[in-house]
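Protein chains: 2
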Amino acid sequence: MNSKLSKRTKLLDQGVYLLMNQGYHATGINEIVNAVQVPKGSFYSYFGSKEEFAAESINHYIEPFIQLLTRHLQHSQADPLTALKNYYAELIVAVEKNGYKGGCLLGNLMGEIGDTSELCNQALKSAVERYKALQYKALLQAQKQGTVRNDRSAEIMANLLVNNWQGALLRMKIEQSVQPLHEFCDTLLNDYFVA
Amino acid sequence: MNSKLSKRTKLLDQGVYLLMNQGYHATGINEIVNAVQVPKGSFYSYFGSKEEFAAESINHYIEPFIQLLTRHLQHSQADPLTALKNYYAELIVAVEKNGYKGGCLLGNLMGEIGDTSELCNQALKSAVERYKALQYKALLQAQKQGTVRNDRSAEIMANLLVNNWQGALLRMKIEQSVQPLHEFCDTLLNDYFVA
DNA sequence: ACAAAATATACGACCGGTCGTTTATTTTGT
DNA sequence: ACAAAATAAACGACCGGTCGTATATTTTGT
């Protein structure tokens with residue numbers, strides 16, 4: 001039966017949702033297991049601790065984003081820069097539907113426990129690195145195509161993308177507006193990066 | 001006697017320190033009052049609640065930064081752009097001494113409780129706005145002097161500064177390195193902004 | 001001026017509740 | 001019947017916040 005594995009996945013899904021919207025310390029195991037109708041005792045058969053669970057949630061969270069971005073980059077007939085624009089446009093629409101809630105699990109947990117939980121620190125570093133590497137490759141490819149400027153390294157621009165997006169999400173969160181996210185696109189993807 | 005007021009200030013000092021390094025939900029009232037040798041009961045004569053205390057801590061936190069930046073902008077004989085560079089260079093040195101710990105209280109609390117605590121949301125918005133306005137004015141002035149490019153609005157560049165700095169601090173936190181902060185200076189202040 | 005009464009402040013034990021985790025029991029599969 | 005997995009109950013610790021009391025200060029009466 002897949003109910004065991006699916007319960008594990010449900011826990012992670014709910015964990016991602018709650019951890020993103022409430023943070024690590026404000027989210028209790030009870031809240032998670034109650035939401036997905038799993039006995040509290042079972043939680044500790046799936047995960048060794050709350051900290052391990054959070055680290056796994058981080059990986060569980062980033063996967064869909066990596067796949068979505070990969071899809072945009074591969075299955076699109078557009079150049080990589082346009083693919084990046086489309087990807088971020090899709091993200092903004094999604095976040096807008098969500099009522100500007102939560103932001104990014106990676107950013108939130110980086111700020112809250114990024115330097116206090118070794119396990120989560122590792123998971124965060126790995127997730128950010130994978131996510132960044134994907135955008136780095138896209139920028140590098142776009143540079144070769146001539147759609148992105150060549151006089152700045154793709155590495156630096158990838159960092160700009162990642163860091164600015166995180167900052168823009170924080171601004172969105174307190175201002176309850178997607179305006180910072182649109183400005184992010186206009187300033188970087190539609191201006192600074194263009195060849 | 002100023003012992004009453006100084007105790008209040010000590011509580012806020014300690015609050016800033018603990019809230020920045022551990023976050024809101026991981027920091028208890030007991031931890032704060034024990035650290036500054038103030039009875040727990042007294043805490044609630046100074047502050048109405050933990051939430052109010054955090055909101056006051058936010059204002060208490062940002063003030064020195066605003067004053068330091070103002071000093072750099074006013075008492076410096078350098079142009080505003082150079083003043084900004086000097087200011088951020090000083091910040092980086094300070095953060096390096098601290099062992100990359102904590103990051104920025106504003107950024108951390110924006111991520112953790114920026115959309116769940118109304119009181120803190122207000123305090124965060126106000127603090128960020130004041131801080132941003134200062135840099136906006138500096139950029140505007142630098143534009144008039146011709147040291148900063150005129151074909152991009154100072155508003156957008158100020159947002160870039162604020163947002164990118166927050167993102168860079170998150171990266172610093174998980175990578176335990178000031179490299180993202182230096183890259184921030186090189187990319188924006190020493191490149192994108194220059195006329 | 002001074003003792004007594006009234007008021008304000010300081011304080012820590014304590015509240016109900018929740019935390020993350022462990023353990024003992026029940027249920028399940030064979 | 002029995003080992004293994006699932007689960008409910010219980011654990012001590014700690015949470016934010018309160019409240020009765022002890023101490024200090026001020027006001028009053030003479």
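These protein sequences, in sequence, are chains A and B.
The letter at position 65 of the first sequence is residue 65 when you use UniProt numbering, and the numbering goes up by one with no holes.
The letter at position 113 of the second sequence is residue 113 when you use UniProt numbering, and the numbering goes up by one with no holes.
Glycine included, C-beta positions come from ideal geometry on N, C-alpha and C.
With 16 as the cutoff for other CB atoms within 10 Å, does residue i come out buried or exposed?
i: A/Pro39; result: exposed
i: A/Arg8; result: buried
i: B/Gln143; result: buried
i: B/Gln37; result: exposed
i: residue 202 of chain B; result: Within the shown structure, residues of chain B are numbered from 1 to 195, placing residue 202 of chain B beyond reach of any answer.
i: B/Lys97; result: exposed
i: B/Ser117; result: buried
i: B/Asp186; result: exposed
i: B/Gly15; result: buried
i: A/Pro64; result: exposed
i: A/Asn108; result: buried
i: residue 196 of chain A; result: Residue 196 of chain A is absent from the model: chain A starts at 1 and stops at 195.
i: A/Leu181; result: buried
i: A/Gln145; result: exposed
i: A/Val93; result: exposed
i: B/Gly99; result: exposed
i: A/Gly167; result: buried
i: B/Asn164; result: buried
Let me know the secondary structure DSSP gives residue i once reduced to three states.
i: B/Val93; result: helix
i: B/Val194; result: strand
i: B/Val38; result: coil
i: B/Val128; result: helix
i: A/Met1; result: Per-residue confidence for A/Met1 stands at a pLDDT of 39, beneath the threshold of 50, marking its modelled position as unreliable; no derived number is given.
i: B/Val33; result: helix
i: B/Val162; result: helix
i: A/Val178; result: coil
i: B/Lys144; result: helix
i: A/Phe43; result: helix
i: B/Gln22; result: helix
i: B/Cys104; result: coil
i: A/Asn98; result: coil
i: B/Gly167; result: helix
i: B/Ser49; result: coil
i: A/Ala78; result: coil
i: B/Asp186; result: helix
i: B/Ser117; result: coil
i: A/Thr9; result: helix
i: A/Ser57; result: helix
i: A/Asn150; result: coil
i: A/Gly111; result: helix
i: B/Gly15; result: helix
i: B/Thr70; result: helix
Run through chain B and tell me which residues come within less than 7 Å of residue i, C-beta to C-beta.
i: A/Tyr192; result: Tyr192
Please name the residue, chosen from the options, that lies closest to residue i on a Cα-to-Cα basis.
i: A/Asn59; options: A/Leu105, A/Gly48, A/Ser49, A/Gly28; result: A/Leu105
i: A/Leu119; options: A/Ala55, A/Gly48, A/Asp191; result: A/Ala55
i: A/Ser45; options: A/Val178, A/Asn86, A/Glu155, A/Leu11; result: A/Leu11
i: A/Leu188; options: B/Leu160, B/Leu84, B/Phe53, B/Glu51; result: B/Leu160
i: A/Gln122; options: A/Gly146, A/Arg149, A/Arg71, A/Glu51; result: A/Glu51
i: A/Pro80; options: A/Ala127, A/Ala154, A/Val128, A/Gly107; result: A/Ala154
i: A/Gly114; options: B/Asp13, B/Glu31, B/Arg171; result: B/Arg171
i: B/Thr147; options: B/Lys85, B/Ala35, B/Ile29, B/Gly167; result: B/Lys85
i: B/Leu134; options: B/Met157, B/Gln145, B/Val93; result: B/Met157
i: A/Gln74; options: A/Lys173, A/Lys137, A/Leu181; result: A/Lys137
i: A/Ala78; options: A/Gln141, A/Tyr100, A/Asn34; result: A/Gln141
i: B/Ile62; options: B/Ala127, B/Met110, B/Tyr17; result: B/Ala127
i: B/Arg152; options: A/Ala168, A/Arg130, A/Glu183; result: A/Glu183
i: residue 207 of chain B; options: B/Ser42, B/Glu31, B/Ser49, B/Ala83; result: No answer is possible for residue 207 of chain B: it lies beyond the span of chain B, which begins at 1 and ends at 195.
Using a cut-off of 9 Å between C-beta atoms, extract the partners of residue i located in chain A.
i: B/Arg171; result: Met110, Val128, Asn159, Val162, Asn163, Gln166
Quick one: which chain A residues come within Cβ less than 7 Å of residue i?
i: B/His25; result: Gly23, His25, Ala26
i: B/Thr187; result: Ile156, Leu160
i: B/Leu124; result: Ile174
i: B/Gly107; result: Gly111, Leu170
Could you check how far apart the C-beta atoms of residue i and residue j are, in whole angstroms? I think they sit under 8 Å.
i: A/Glu112; j: A/Tyr192; result: Between A/Tyr192 and A/Glu112 the Cβ distance is about 30 Å, and since that is not below 8 Å, they are no contact.
i: B/Ser57; j: B/Leu19; result: 6 Å
i: A/Cys132; j: A/Val162; result: Looking at the sequence itself, residue 132 of chain A is Lys, so the reference to Cys does not match. Rounded, the Cβ-Cβ distance is 5 Å, consistent with contact.
i: A/Val178; j: A/Arg149; result: Not really, about 27 Å apart at Cβ, beyond 8 Å.
i: A/Tyr88; j: A/Leu68; result: With a Cβ gap of about 11 Å, A/Tyr88 and A/Leu68 do not count as contacting.
By the criterion of Cβ-Cβ separation under 8 Å, what are the contact partners of residue i in chain A?
i: B/Asn121; result: Ile174
i: B/Glu183; result: Ile156, Asn159
Since residue i meets chain B, which of its residues come closer than 8 Å, beta carbon to beta carbon?
i: A/Lys101; result: Asp115
Given that residue i touches chain B, what residues does it touch there, using C-beta distances under 9 Å?
i: A/Pro80; result: Result: empty, since nearest Cβ-Cβ is about 20 Å, beyond 9 Å.
i: A/Pro180; result: Asn159, Asn163
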